[in-house]
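Sequence lines, in order, name chains Z and C. One gets the numbering used here by counting positions in the first sequence from 1 and adding 59 to each. One gets the numbering used here by counting positions in the second sequence from 1 and adding 59 to each. Don't be surprised by glycine CBs; every beta carbon is placed ideally from N, CA and C. Shown next, in structure tokens, is the structure this report addresses.
There are 2 protein chains.
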Amino acid sequence: MMYRTHTCGELRLSDSGKKITLAGWVQKTRDFGGMTFVDLRDRYGITQLVFNMETNPDLCRQARSLGREYVVKATGTVAERSNKNPNLPTGDIEILTEILELLNPAELPPFTIEEHSDGGDEIRMKYRYLDLRRPPLQRNLALRHRMAQEIRKYLDTKGFLEIETPVMIKSTPEGARDFVVPSRMNPGQFYALPQSPQMFKQLLMVSGYDRYMQIVKCFRDEDLRADRQPEFTQIDCEMAFVEQDDVLNLFEGLAKHLFHETLGYEFNEPFIRMPFDEAMNSYGSDKPDLRFGMKIIPLKSGKSQQEIIRPTTGFPVFDEAEYIGTLLAEKCAGYTRKQVDELTEFVRKPQIGAKGLVYVRYQEDGTIKSSVDKFFDATALQTWAEVAGAKPGDLLLILAGNSAPTLKALGELRLEMGRRLNLLDKNRFVPLWAIDFPLLEWDDETQRFYAMHHPFTAPKPSDIPLLDTNPGQVHANAYDLVINGVEIGGGSIRIHDSKLQAKMFEILGFTQEQAEYRFGFLMNAFRYGAPPHGGIAFGFDRWVSLFAGLNSIRDTIAFPKNNMGRDVMQDSPAEIDEEQLKELNIRVDHKNPGA
Amino acid sequence: MMYRTHTCGELRLSDSGKKITLAGWVQKTRDFGGMTFVDLRDRYGITQLVFNMETNPDLCRQARSLGREYVVKATGTVAERSNKNPNLPTGDIEILTEILELLNPAELPPFTIEEHSDGGDEIRMKYRYLDLRRPPLQRNLALRHRMAQEIRKYLDTKGFLEIETPVMIKSTPEGARDFVVPSRMNPGQFYALPQSPQMFKQLLMVSGYDRYMQIVKCFRDEDLRADRQPEFTQIDCEMAFVEQDDVLNLFEGLAKHLFHETLGYEFNEPFIRMPFDEAMNSYGSDKPDLRFGMKIIPLKSGKSQQEIIRPTTGFPVFDEAEYIGTLLAEKCAGYTRKQVDELTEFVRKPQIGAKGLVYVRYQEDGTIKSSVDKFFDATALQTWAEVAGAKPGDLLLILAGNSAPTLKALGELRLEMGRRLNLLDKNRFVPLWAIDFPLLEWDDETQRFYAMHHPFTAPKPSDIPLLDTNPGQVHANAYDLVINGVEIGGGSIRIHDSKLQAKMFEILGFTQEQAEYRFGFLMNAFRYGAPPHGGIAFGFDRWVSLFAGLNSIRDTIAFPKNNMGRDVMQDSPAEIDEEQLKELNIRVDHKNPGA
Numbered sequence: 060m061m062y063r064t065h066t067c068g069e070l071r072l073s074d075s076g077k078k079i080t081l082a083g084w085v086q087k088t089r090d091f092g093g094m095t096f097v098d099l100r101d102r103y104g105i106t107q108l109v110f111n112m113e114t115n116p117d118l119c120r121q122a123r124s125l126g127r128e129y130v131v132k133a134t135g136t137v138a139e140r141s142n143k144n145p146n147l148p149t150g151d152i153e154i155l156t157e158i159l160e161l162l163n164p165a166e167l168p169p170f171t172i173e174e175h176s177d178g179g180d181e182i183r184m185k186y187r188y189l190d191l192r193r194p195p196l197q198r199n200l201a202l203r204h205r206m207a208q209e210i211r212k213y214l215d216t217k218g219f220l221e222i223e224t225p226v227m228i229k230s231t232p233e234g235a236r237d238f239v240v241p242s243r244m245n246p247g248q249f250y251a252l253p254q255s256p257q258m259f260k261q262l263l264m265v266s267g268y269d270r271y272m273q274i275v276k277c278f279r280d281e282d283l284r285a286d287r288q289p290e291f292t293q294i295d296c297e298m299a300f301v302e303q304d305d306v307l308n309l310f311e312g313l314a315k316h317l318f319h320e321t322l323g324y325e326f327n328e329p330f331i332r333m334p335f336d337e338a339m340n341s342y343g344s345d346k347p348d349l350r351f352g353m354k355i356i357p358l359k360s361g362k363s364q365q366e367i368i369r370p371t372t373g374f375p376v377f378d379e380a381e382y383i384g385t386l387l388a389e390k391c392a393g394y395t396r397k398q399v400d401e402l403t404e405f406v407r408k409p410q411i412g413a414k415g416l417v418y419v420r421y422q423e424d425g426t427i428k429s430s431v432d433k434f435f436d437a438t439a440l441q442t443w444a445e446v447a448g449a450k451p452g453d454l455l456l457i458l459a460g461n462s463a464p465t466l467k468a469l470g471e472l473r474l475e476m477g478r479r480l481n482l483l484d485k486n487r488f489v490p491l492w493a494i495d496f497p498l499l500e501w502d503d504e505t506q507r508f509y510a511m512h513h514p515f516t517a518p519k520p521s522d523i524p525l526l527d528t529n530p531g532q533v534h535a536n537a538y539d540l541v542i543n544g545v546e547i548g549g550g551s552i553r554i555h556d557s558k559l560q561a562k563m564f565e566i567l568g569f570t571q572e573q574a575e576y577r578f579g580f581l582m583n584a585f586r587y588g589a590p591p592h593g594g595i596a597f598g599f600d601r602w603v604s605l606f607a608g609l610n611s612i613r614d615t616i617a618f619p620k621n622n623m624g625r626d627v628m629q630d631s632p633a634e635i636d637e638e639q640l641k642e643l644n645i646r647v648d649h650k651n652p653g654a
Numbered sequence: 060m061m062y063r064t065h066t067c068g069e070l071r072l073s074d075s076g077k078k079i080t081l082a083g084w085v086q087k088t089r090d091f092g093g094m095t096f097v098d099l100r101d102r103y104g105i106t107q108l109v110f111n112m113e114t115n116p117d118l119c120r121q122a123r124s125l126g127r128e129y130v131v132k133a134t135g136t137v138a139e140r141s142n143k144n145p146n147l148p149t150g151d152i153e154i155l156t157e158i159l160e161l162l163n164p165a166e167l168p169p170f171t172i173e174e175h176s177d178g179g180d181e182i183r184m185k186y187r188y189l190d191l192r193r194p195p196l197q198r199n200l201a202l203r204h205r206m207a208q209e210i211r212k213y214l215d216t217k218g219f220l221e222i223e224t225p226v227m228i229k230s231t232p233e234g235a236r237d238f239v240v241p242s243r244m245n246p247g248q249f250y251a252l253p254q255s256p257q258m259f260k261q262l263l264m265v266s267g268y269d270r271y272m273q274i275v276k277c278f279r280d281e282d283l284r285a286d287r288q289p290e291f292t293q294i295d296c297e298m299a300f301v302e303q304d305d306v307l308n309l310f311e312g313l314a315k316h317l318f319h320e321t322l323g324y325e326f327n328e329p330f331i332r333m334p335f336d337e338a339m340n341s342y343g344s345d346k347p348d349l350r351f352g353m354k355i356i357p358l359k360s361g362k363s364q365q366e367i368i369r370p371t372t373g374f375p376v377f378d379e380a381e382y383i384g385t386l387l388a389e390k391c392a393g394y395t396r397k398q399v400d401e402l403t404e405f406v407r408k409p410q411i412g413a414k415g416l417v418y419v420r421y422q423e424d425g426t427i428k429s430s431v432d433k434f435f436d437a438t439a440l441q442t443w444a445e446v447a448g449a450k451p452g453d454l455l456l457i458l459a460g461n462s463a464p465t466l467k468a469l470g471e472l473r474l475e476m477g478r479r480l481n482l483l484d485k486n487r488f489v490p491l492w493a494i495d496f497p498l499l500e501w502d503d504e505t506q507r508f509y510a511m512h513h514p515f516t517a518p519k520p521s522d523i524p525l526l527d528t529n530p531g532q533v534h535a536n537a538y539d540l541v542i543n544g545v546e547i548g549g550g551s552i553r554i555h556d557s558k559l560q561a562k563m564f565e566i567l568g569f570t571q572e573q574a575e576y577r578f579g580f581l582m583n584a585f586r587y588g589a590p591p592h593g594g595i596a597f598g599f600d601r602w603v604s605l606f607a608g609l610n611s612i613r614d615t616i617a618f619p620k621n622n623m624g625r626d627v628m629q630d631s632p633a634e635i636d637e638e639q640l641k642e643l644n645i646r647v648d649h650k651n652p653g654a
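This is the structure in structure tokens:
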């Protein structure tokens, strides 16, 4: 006995006359009086089985009794179809079925197993194993598989070694919370699940492994926003004896290889490398979407010489603004009042935070109208339009305020205009390397510096003296790969000098004891001959979702959790036995008392 | 600036005259008056740097000051060596060094970084990052990398999809203890770390993924024996629409591919397939080492017709024995009293458990002497010798007692003889498939059946009626891959019928509620069209250690834990903040009180 000779996706006209056996799921059964057709489905495709009431009534009746999602095995002969289906690779043939075996019946699924299901989100999560049968999910997981293989293949040819780092490590929270695991054999002590294998990959460089890679699960106990998972997958890489350019060049090669092998997409030019400051000033974001232009144009800026709008205008919003900038929305002068109001509402949303929106219409007839006509004459408005490069028919959208938040708001408005103008083509990809990030971010609330990337990132050598005088001005050898406005990965050249590392910990406000407790083994390792090294980590889930054209990472993952961190299919997490808790030397403390 | 143009392993005589730059670690510095030689090491090899006191005294002095494990960069010209070293791939050349740059100094390592270190186990674990620099460790991890790549490559060509299953799942302990993770967002509830992705891979078959593979971390909170790790790596696979033969054939192909690609080792014959009963009767083990023969020969057996030793002999040990068996140790008749005593001591060890050892020497002169001459005449002994196929010069080693423990003891004695006779050649590999395992094992202590493999293993269809009448006699469609006496992997055809699965849970003593709580989602899934399926999982750490010729899995793992589950390098597990515990709604309960 053998369950099948072929899959449901492979038979063609050239197989006509062959005696074959298929196995799969019943997608659909159709009766046409004397004939019954069954669409049999597996991962590879759909093949039509035919049953004839005249020649074999018993078999035909058996076929008619099959329900959706029944699992069957069918033996028959491949025959040319009279009524060919050009939408199916197997659409030229059908199987004249001779033997039909029911392998397993199926209850009626709670939603349709089709390209687009009729099931709601919640029920599809509960019956994830059924949702996973749908073609889009199957395509996503097949794409993810292909990408994983191609990533390893490429890095293998470049001499990277795949090395597994431990999942149960020491808790060293900095930033997000760790998930922890109580140790039964070491009462009162806990392992942590890694937020990333950062320190281990640096140790591997100290150990001389030269080039390391791993596609690895990482864990963060965060309050989950729309597109976060408590466990996620990282493409984690590190290289010794490299400078920033070596890393960027190698992983640009990886990205191009992936684009080519999985999407057939070619890049003939090197990826743009854009300094952080430029990205912020021109796009209001450190991950600009470069599928369209619409750069931010400064009209008044503390930093730039280009002060188009003079200090005293009589318009307090502008007079008091540290920064004024505009977007040029081409051919949008005809925007209705409603459209402009929508944009105003958009920029006023709390997460955008602008106070209002100033617009200037450069009308088709050459006249200019604005929402600030009271304060500015035609000449002034004309000047702005000229600076922005506006032509008749264009619209200027202007925001004013403090530099950083105004630039960010302009960045968001730019993306909103990109969406409205259909400039975000899912089939076009524009990658860039964002480089020259600041090393540190000042946090007003806790009155300390935080590492913008992580505490192991190397400052630019020329900026090292600034660590003592003006740490906020220090730039880092850190970089992000951004594609279509999505941060796909990021990394840095690391500190390999134990004294510089100690200084960084000091700047970050760690006492020597804290630094020793958390990172002691790494600082020790640096004393025994650490090579210069650097690396990068990519968010694999996100990269797959970008390539799959998805807005969320959830459907790139076979068994994701919901935004309460629950697996509703397994009904997990769950309570555990008192006995198990006792063995682990812990107690559940539901009341969470202050003492 | 660029850190290197070549690695320390690639320069050859044909590169003579080239100007190159290397970077790496100082392995050794040797002074010969006017000349100083530095062996520079990286992952790829060792290259000799030369410094000449006459032509460049400053540089030469700099070279002399380098300590072991200093990290340096050297630029110079490749030159033919007068004194070639045939043991090094780069031994024909040396580098006439012109520029030397110290990249990082190193403290003196606490042990030597050589093929064989002078450091003890404990200190090497504490400084694992230094131990990892040693060539044997580097070879092990490179082999592990190569094997991982080849496993995926092979399975990819066979249509397997690599699909990641979750690490934080529901606790469903059966067998070993789960590690658990308290959920902050779901107070009082816990995730578990998977002991294997068993249920998820079966769900993927229900979901139609057809062929699944993953190289995946698994977790078991066990008291650690010599060669166990709390986290270990499994090559996890599952296939739909298959029978046992399909699985064995495919993974035999994988094993052969791995042998070929990583060891250059060829098999021209199919692997032996040996039923469990035969393995136990002939080798006293379900994982026989077939690198040598020395099968167990029954002299008295409840099961066999071959009763060589008659019921009444006057020797109570034999008279009362349910089973008597012998090993034929060829050319060992000359064993000294001391050697025989050692063997007697060996079989009497508690973990072997025999009461004593009977020997029969078939001496070179044709006479026979035994430790039971009092009870048996020459004719009787002659008969045993004949049955065992002994020739003059051979030795019979006989054990007697209850069947199962005596067979196991004979199996251990056989391995001990294999070791003593040097029959365990590390460079020879003899694989077999152990098949036809019993489905269930009876446990006297808890008075219940346990699944020998796991609760999802399918009974042989012909044995299904026995489930009601004599469950202990049911055989399973389960199989193990055994190489040189090491169980490399095991698997089974699974139950795909929800009613049969429910019956199995009943036989295993689960109440319906328990089964529903633990496995409900799987049993539900089976109602919606589950295909016949089966799979296998290999212990990746063990497979690597077998190929690397190691006796332990520890050095196939970059950062292993000790047998208290501790990472002594990180000093983990460790206590965590009171604040962190509070957020997780748990308390440490050091006293572990009974109530």
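Helix, strand or coil at residue i according to DSSP, with G and I counted as helix
| i | result |
| --- | --- |
| residue 317 of chain C | helix |
| residue 529 of chain Z | coil |
| residue 432 of chain Z | coil |
| residue 614 of chain C | helix |
| residue 415 of chain C | coil |
| residue 377 of chain Z | helix |
| residue 135 of chain C | strand |
Within 8 Å, strictly: CB atoms of residue i and residue j
| i | j | result |
| --- | --- | --- |
| residue 251 of chain C | residue 269 of chain C | no |
| residue 165 of chain C | residue 129 of chain C | yes |
| residue 548 of chain C | residue 508 of chain C | no |
Listed by chain order, chain Z residues near residue i by CB distance under 7 Å
| i | result |
| --- | --- |
| residue 129 of chain C | 588 |
| residue 290 of chain C | 225, 226, 227 |
| residue 215 of chain C | 208 |
Per-residue contacts from residue i into chain Z (C-beta, under 8 Å)
| i | result |
| --- | --- |
| residue 240 of chain C | 238, 239, 240, 252, 632 |
Segment limits, alpha helix (DSSP H) that includes residue i
| i | result |
| --- | --- |
| residue 489 of chain Z | First-last for residue 489 of chain Z: undefined, no H or E at that position. |
| residue 128 of chain C | Unbroken run through residue 128 of chain C: none, as it is neither H nor E. |
| residue 156 of chain Z | First-last for residue 156 of chain Z: 152-163, but that is the beta strand (DSSP E), not the alpha helix (DSSP H). |
Span of the beta strand (DSSP E) around residue i
| i | result |
| --- | --- |
| residue 241 of chain Z | 239-241 |
| residue 552 of chain Z | 545-552 |
beta-carbon residue i near the ligand NAP non-hydrogen atom, thresh 7 Å
| i | result |
| --- | --- |
| residue 486 of chain C | With respect to small molecules bound, the structure shown includes none, and the ligand NAP cannot be examined in it. |
Partners in chain C for residue i, counting only beta-carbon separations shorter than 8 Å
| i | result |
| --- | --- |
| residue 245 of chain Z | 623, 624, 625, 632 |
Beta-carbon neighbours of residue i, restricted to chain C and to distances below 7 Å
| i | result |
| --- | --- |
| residue 198 of chain Z | Simply none; closest approach about 11 Å. |
| residue 591 of chain Z | 62, 162 |
- Item | 3-residue-minimum beta strand (DSSP E) runs that sit fully inside the region 301-367 of chain Z, ordered along the chain | 331-334, 356-360
- Task: Would you mind listing the beta strand (DSSP E) stretches within the region 438-507 of chain Z that are 3+ residues and don't spill past its ends, in chain order?
- Result: 454-460, 490-494, 499-502
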